[in-house]
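Novice: The following block contains the structure, expressed as structure tokens.
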Amino acid sequence: MKQPIVTIVVPCYNEEEAIIQTCRQLSTELKCLMDDKFISAESKILFVDDGSQDRTWSLIVMESVKNSYVTGIKLMKNAGHQKALLAGLEKAKGSSDCVISIDADLQDDVSVIRDFIEKYKEGYEIVYGVRRSRQTDTFFKRTTALGYYSLMNKLGIQLIYNHADYRLMSKRALEELGRYREANLFLRGIVPMIGLRSTKVLYDRKERVAGETKYPLKKMLSFAFKGITSFSVTPIRSITLLGILLFFLSVSAGIYALIQKLLGHTNVGWTSLMISIWFLGGLNLMGIGIIGEYIGTIFTEVKRRPHYAIDIDLETERLGRLKRQENEQVPEKKFSS
Ligand code: UDP
Ligand code: MG
1 MKQPIVTIVV
11 PCYNEEEAII
21 QTCRQLSTEL
31 KCLMDDKFIS
41 AESKILFVDD
51 GSQDRTWSLI
61 VMESVKNSYV
71 TGIKLMKNAG
81 HQKALLAGLE
91 KAKGSSDCVI
101 SIDADLQDDV
111 SVIRDFIEKY
121 KEGYEIVYGV
131 RRSRQTDTFF
141 KRTTALGYYS
151 LMNKLGIQLI
161 YNHADYRLMS
171 KRALEELGRY
181 REANLFLRGI
191 VPMIGLRSTK
201 VLYDRKERVA
211 GETKYPLKKM
221 LSFAFKGITS
231 FSVTPIRSIT
241 LLGILLFFLS
251 VSAGIYALIQ
261 KLLGHTNVGW
271 TSLMISIWFL
281 GGLNLMGIGI
291 IGEYIGTIFT
301 EVKRRPHYAI
311 DIDLETERLG
321 RLKRQENEQV
331 PEKKFSS
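First residue of the sequence shown? That's 1 in the UniProt record's numbering, and the numbers climb one at a time after it.
What follows is the structure, given as structure tokens:
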């Protein structure tokens, strides 16, 4: 059986302190898999330099001169982790049977790459690397992550718990992913949406091998927010609901204010002020919500997400069968004549 060509995609941003060690470990792992004839000798490690300002790119070039299976692409400017990752996946897609994405800081355990490929060979199209525990994280990161996952779940966004971007995707999964042409990329949310056969592999996440996180709090918050807004219009809808609720409340507040006036418990002008504040507040919020609904619809429209994914096409299968039959018949004819 032909062994799969595997490409390991590694996005890097200012990783000069970690990259040599990362490259060494990944190379050892890859070499080992190749020697065992577990993967094809054409397999590669593809570094994506996400517009680093330090020596990352020159180190990648140096490694590629030393090792024929190390290669790299450099992005024009810092595009962010998700886009750098996507650039690597798209680049690797053409020449690989499956692609594994991993961070450059070796926090993810490289020894489970073998398990990933084993699962791929069993027929899984997507293999998620899932952290067994979050021991190495700070208390703050642990609790915010947990809260975030449960919020996403409530909003109807399917996320794999404790999975970041350490995963294997088959060529077919990558082709499906290529049809999601949206500007706001949140791969962790999109990949489960593809819906192909998938499984999980557990591993222990370690400390960063060198350097510091390239996801400071500000970047992390914007990433989390993007995750919600690019998958769900529930926040907009809740404004509409709040507006409607306030509008009805304003009616009761109006009645209350009128009664107070009739009973003579009020100062001059209080009733009209009360009614207008409540009424206009409710009306305003409802209006914003309705406009929001339209923006929400535009938002889902402009994404141009694929509407369906074809699993099996009987027509192409039939044509394939006919072609095979034709090929078999041609030599027979030659013999009979
Ligand atoms: N990264 C990137 N572009 C960026 C930020 C990060 O390519 O703008 C890469 C980074 O080099 C690393 C991966 O994304 O390989 C994950 O970043 P990091 O390890 O700093 O995140 P953390 O593990 O702290 O969440
Ligand atoms: Mg990291």
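Don't be surprised by glycine CBs; every beta carbon is placed ideally from N, CA and C. As the structure is a computational prediction, the values presented were derived from the model and not from experiment.
Just grab the DSSP bridge partners of His-163 for me.
Specialist: The sequence position of residue 163 within the sequence shown is 163, counting from 1. Note: His-163 sits in a beta bridge opposite Val-130.
Novice: Along the chain, where does the alpha helix (DSSP H) that runs through Ser-276 open and close?
Specialist: For this step, residue 276 is matched to residue 276 along the sequence shown. From DSSP, the alpha helix (DSSP H) with Ser-276 extends over 270-303.
Novice: Would you tell me roughly how many angstroms separate the C-alpha atoms of Gly-211 and Tyr-69, rounded to the nearest one?
Specialist: By one-based count along the sequence shown, residue 211 stands at place 211. By one-based count along the sequence shown, residue 69 stands at place 69. So the two alpha carbons sit approximately 25 Å from each other.
Novice: Go through its chain and collect everything with a Cβ distance to residue 361's Cβ below 6 Å, but skip five positions before and after it.
Specialist: Within the shown structure, residues of the chain are numbered from 1 to 337, placing residue 361 beyond reach of any answer.
Novice: In angstroms with no decimal places, state the Cα-to-Cα distance between Phe-116 and Ile-100.
Specialist: Residue mapping note: residue 116 aligns to position 116 of the sequence shown, counting from 1. Residue mapping note: residue 100 aligns to position 100 of the sequence shown, counting from 1. Distance between the alpha carbons of Phe-116 and Ile-100: 8 Å.
Novice: Rounded to a whole number of angstroms, what is the C-alpha to C-alpha distance between Leu-196 and Lys-171?
Specialist: Residue mapping note: residue 196 aligns to position 196 of the sequence shown, counting from 1. Residue mapping note: residue 171 aligns to position 171 of the sequence shown, counting from 1. Between Leu-196 and Lys-171, the C-alpha separation is close to 12 Å.
Novice: Give the single residue among Asp-105, Thr-229, Gly-282 whose Cα lies nearest to the Cα of Glu-15.
Specialist: The residue you call residue 15 lines up with position 15 of the sequence shown. Among Asp-105, Thr-229, Gly-282, the Cα nearest to that of Glu-15 belongs to Asp-105.
Novice: If Ile-236 and Gly-178 are in contact, beta carbons under 8 Å, what's the gap, nearest whole angstrom?
Specialist: Counting from one through the sequence shown, the residue named residue 236 turns up at place 236. Counting from one through the sequence shown, the residue named residue 178 turns up at place 178. That belief does not hold up - the Cβ atoms of Ile-236 and Gly-178 are roughly 29 Å apart, past 8 Å.
Novice: Here's the rule: buried if 16 or more other CB atoms are within 10 angstroms of the residue's CB, otherwise exposed. What is Arg-167?
Specialist: Start at 1 with the first residue of the sequence shown, and residue 167 comes out as number 167. The residue is buried, with at least 16 neighbouring Cβ atoms inside 10 Å.
Novice: Counting only the same chain and skipping the five closest in sequence on each side, list residues whose C-beta sits under 8 Å from that of Leu-146.
Specialist: Position 146 of the sequence shown, counted from the start, is the residue given in the question as residue 146. Closer than 8 Å at Cβ, skipping near neighbours: no residue.
Novice: Under the assumption that residue 341 contacts Met-152 (Cβ atoms under 8 Å), give the Cβ distance between them as a whole number of angstroms.
Specialist: No answer is possible for residue 341: the residues shown for the chain start at 1 and end at 337.
Novice: Using the Cβ count rule (16 or more neighbours within 10 Å means buried), how would you classify Gly-123?
Specialist: In the sequence shown, residue 123 corresponds to position 123, counting from 1. By the 10 Å Cβ count, Gly-123 comes out exposed.
Novice: Going along the chain, which residues of its own chain have a beta-carbon closer than 7 Å to the beta-carbon of Lys-83, five neighbours each way excluded?
Specialist: Numbered from 1 along the sequence shown, position 83 holds the residue referred to as residue 83. These residues qualify, in order along the chain: Leu-185.
Novice: By DSSP, does Gly-94 sit in helix, in strand, or in coil?
Specialist: Within the sequence shown, the letter at position 94 stands for residue 94. In the structure shown, Gly-94 sits in coil (DSSP, three-state: anything other than H, G, I, E or B).
Novice: Could you give the residue range of the alpha helix (DSSP H) that holds Leu-187?
Specialist: Reading the sequence shown from its first residue, position 187 is the one you call residue 187. From DSSP, the alpha helix (DSSP H) with Leu-187 extends over 187-194.
Novice: Please go through the same chain and pick out, in chain order, the residues whose beta-carbon is closer than 6 Å to the beta-carbon of Gly-287, but skip the five residues on each side of it.
Specialist: One-based indexing of the sequence shown puts residue 287 at position 287. For Gly-287, where only same-chain residues beyond five positions count, there are no Cβ hits under 6 Å.
Novice: Taking the straight line between their C-alpha atoms, what separation do you get for Ile-275 and Gly-289?
Specialist: For the purposes of this step, residue 275 is taken as the residue at position 275 of the sequence shown. For the purposes of this step, residue 289 is taken as the residue at position 289 of the sequence shown. Those two C-alpha atoms are separated by around 21 Å.
Novice: Measuring from the CB of Gln-25, is there a heavy atom of ligand 1 at a distance below 7 Å?
Specialist: Here the question's residue 25 lines up with position 25 in the sequence shown. The answer is no for Gln-25.
Novice: Three or more C-beta pairs under 8 Å: does that hold for the region 189-203 against the region 125-132?
Specialist: Segments in contact, yes.
Novice: Considering just the uninterrupted stretch of the alpha helix (DSSP H) at residue 338, what are its terminal residues?
Specialist: This structure cannot settle anything about residue 338, because the visible part of the chain is limited to 1 through 337.
Novice: Looking at C-alpha atoms only, which residue of Glu-207, Gly-243, Thr-28, Lys-303 is the closest neighbour of Glu-182?
Specialist: Residue 182 sits at position 182 when you count from the first residue of the sequence shown. Of the listed residues, the one whose Cα sits closest to Glu-182 is Lys-303.
Novice: Ile-19 bridges to which residues according to DSSP?
Specialist: Looking up residue 19 in the sequence shown gives position 19. Partner(s): none; Ile-19 has no beta bridge.
Novice: In chain order, what residues of the same chain have a beta carbon less than 8 Å from the beta carbon of Val-209, not counting five sequence neighbours either side?
Specialist: In the sequence shown, the residue the question calls residue 209 occupies position 209. Only Ala-18, Gln-21, Thr-22, Asp-105, Leu-106, Gln-107 meet the Cβ criterion.
Novice: For ligand 1, I want to know if Glu-15 counts as a neighbour, meaning its beta carbon is within less than 7 Å of at least one of the ligand's heavy atoms.
Specialist: As a working note, residue 15 is residue 15 in the sequence shown. Correct: Glu-15 has its Cβ closer than 7 Å to ligand 1.
Novice: For Asn-284, which residues in the same chain have their Cβ closer than 8 Å to its Cβ, ignoring the five residues on either side in sequence?
Specialist: Position 284 of the sequence shown, counted from the start, is the residue given in the question as residue 284. If we look at Asn-284 and ignore the five residues flanking it on each side, its Cβ neighbours are Gly-243.
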